[in-house]
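Encoded as structure tokens, the structure appears first; notes follow it.
Chains as they are written, first to last, in this note's numbering: chain S, 67 to 276; chain Z, 67 to 276.
This is the structure:
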């Protein structure tokens, strides 16, 4: 398989974690979201994804999938071990909900395209991003209080933790105050001990420019 | 089960469609998102959902689930017939991806909280909403071209269609030009022949104020 991604894209990062947890090797292709006006707007990438976003997973037969959660759900079905969601149906729903708090509740409000649009309208993108990430993470922590164990839902890593880690990285980029987010930071520290999370980190990618 | 929702909330609407397709009856409770500054900010609702959003599904044992896609995935697992996703893993991934184009790619940029924030910053919320809905639906249609049959993925209703219908309603509220969206409108017309979609429509809800 091939993964078209970008080092600092949180959605690409999620898929990299999932692949690592499953022990799956893929060929990584970088789509540079900033250089030359953004390679995601080029004709090659538009054929892969009309949304002009990464990641895109290309299967061995050439078929392609977009949207990080759709890709992760696909990988989880095809390669069930270790599972990315709890087996209990209710806890599975809770894990999905926490994942969506990040995926639809925070990330879209602070992704590159939204910020670029806000800047064109004269809005302070840093203040906007900081506000939405801070509120979203506070809510996420409240929602996780009664399911959290070593990770956001119980004692096993789930999709929710996969969504959390890149979002915390973005929180720091936006200078979000993290002092009230103890539970999330404890879980982050546990994730950081796992090889799949270490290898997937933005700064470990070949296309990272720091 | 109880569903806490609001007539015009597109996320509540999605869950109503899913319940209808599964033939499940629930007790509906309205959380008025506009009246008196918004009941979603009240202490009763904050206990249900710190995100201050609807829907919330309360199970018979009192446990609660938030986030429309998490709720629908839960219902689909507990009540498998008719399925809300294709059985083929690749097509399942495609259906999830189309669903997420609406759920994380369009809806969060035009939901009530985002629009209220934009208005406070002096941004024209109608123009903002129109732009993001229009671009998102054009992309959704392009992405659906090679999977669509009678519905967005093949000939059976899926989560993707459930996400589409309330988003098209919002498109009209924002006066989005729909003339290039033939495929989506044809699928909408097919959905509108189904009882579950008819009964779930915003205007059919007891709390609707038109």
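Beta carbons are placed, not taken as given, at the ideal position from N, Cα and C, and that holds for glycine.
Check, Outcome
"Within 10 Å of its beta-carbon, does residue 276 of chain Z have 16 or more other beta-carbons around it, so buried, or fewer, so exposed?", "exposed"
"Taking the DSSP output, what are the residues bridged to residue 214 of chain Z?", "Z:220"
"State buried or exposed for residue 166 of chain S, treating a residue as buried only when at least 16 other CB atoms are found within 10 Å of its CB.", "buried"
"Going along the chain, which residues of the segment 191 to 223 of chain S sit with their C-beta nearer than 7 Å to a C-beta in chain Z?", "205, 208, 209"
"Quick check on the burial criterion: 16 or more other C-beta atoms within 10 angstroms. Buried or exposed for residue 118 of chain S?", "buried"
"By DSSP's criteria, residue 70 of chain S is part of a beta bridge. Which residues make up the other side?", "S:95, S:122"
"What in chain Z is Cβ-close to residue 116 of chain S, meaning under 7 Å?", "205, 208, 209"
"Kindly list the residues whose CB is nearer than 8 Å to the CB of residue 137 of chain Z, restricted to its own chain and excluding five residues on each side of it in sequence; keep chain order.", "81, 84, 121, 123, 131"
"Can you pull out the residues from the segment 157 to 172 of chain Z whose beta carbon lies closer than 9 Å to at least one beta carbon of chain S?", "158, 159, 160, 161, 162, 163, 164, 165, 166, 167, 169, 170, 171, 172"
"Got a sec? Which residues, its chain only, sit under 8 Å from residue 69 of chain S by beta carbon, not counting five neighbours each side?", "78, 81, 82, 85, 92, 93, 94, 95, 121, 122, 123, 124"
"Would you list, in chain order, the members of the segment 67 to 97 of chain S that have their beta-carbon closer than 7 Å to a beta-carbon of chain Z?", "none"
"Taking the alpha-carbon positions, what's the residue 238 of chain Z to residue 272 of chain Z distance?", "22 Å"
"Going by DSSP, what residues sit across from residue 131 of chain S in a beta bridge?", "S:123"
"Assess, as a yes-or-no matter, whether the segment 209 to 222 of chain S is touched by the segment 163 to 180 of chain S under the definition of 3 or more beta carbon pairs within less than 8 Å.", "yes"
"Is residue 217 of chain Z closer than 8 Å to residue 158 of chain Z when the C-beta atoms are compared?", "no"
"Count the other C-beta atoms from every protein chain shown that fall within 10 angstroms of the C-beta of residue 144 of chain S, then say buried if there are 16 or more, exposed otherwise.", "exposed"
"Give the secondary structure of residue 102 of chain S by DSSP, where H, G and I count as helix, E and B as strand, and everything else as coil.", "helix"
"Assuming contact is defined by CB atoms lying nearer than 8 Å, are residue 253 of chain S and residue 193 of chain S in contact in what I supplied?", "no"
"Alpha carbon to alpha carbon, how far is residue 230 of chain Z from residue 262 of chain S?", "35 Å"
"Out of Z:186, Z:245, Z:221, Z:198, which has the shortest C-alpha to C-alpha gap to residue 233 of chain Z?", "Z:198"
"Under a CB-based cut-off of 8 Å, is residue 252 of chain S close to chain Z?", "no"
"Just checking: is the beta-carbon of residue 174 of chain S within a distance shorter than 8 Å of some beta-carbon in chain Z?", "yes"
"Taking only beta-carbon positions, decide if residue 144 of chain S is within less than 8 Å of chain Z.", "yes"
"For residue 184 of chain S, which residues in the same chain have their Cβ closer than 7 Å to its Cβ, ignoring the five residues on either side in sequence?", "191, 194"
"Please classify residue 197 of chain S: does DSSP put it in a helix, a strand, or coil?", "helix"
"For residue 200 of chain Z and residue 251 of chain Z, I'd like the C-alpha separation in whole angstroms.", "13 Å"
"Here's a check: name, in chain order, each residue in its chain whose Cβ is nearer than 7 Å to the Cβ of residue 134 of chain S, leaving out the five neighbours to either side.", "77, 80, 81, 121"
"Taking beta-carbon pairs under 7 Å, can you tell me which members of the segment 109 to 136 of chain Z lie near chain S?", "116, 117, 129, 131, 132, 133, 135, 136"
"With burial defined as no fewer than 16 other Cβ atoms inside 10 Å of the residue's Cβ, what is the status of residue 247 of chain S: buried or exposed?", "buried"
"Taking residue 90 of chain S and residue 75 of chain S to be in contact with their CB atoms under 8 Å, please state how far apart those CB atoms are, rounded to whole angstroms.", "Not really, about 19 Å apart at Cβ, beyond 8 Å."
"Tell me the DSSP secondary structure of residue 259 of chain Z in three-state form.", "coil"
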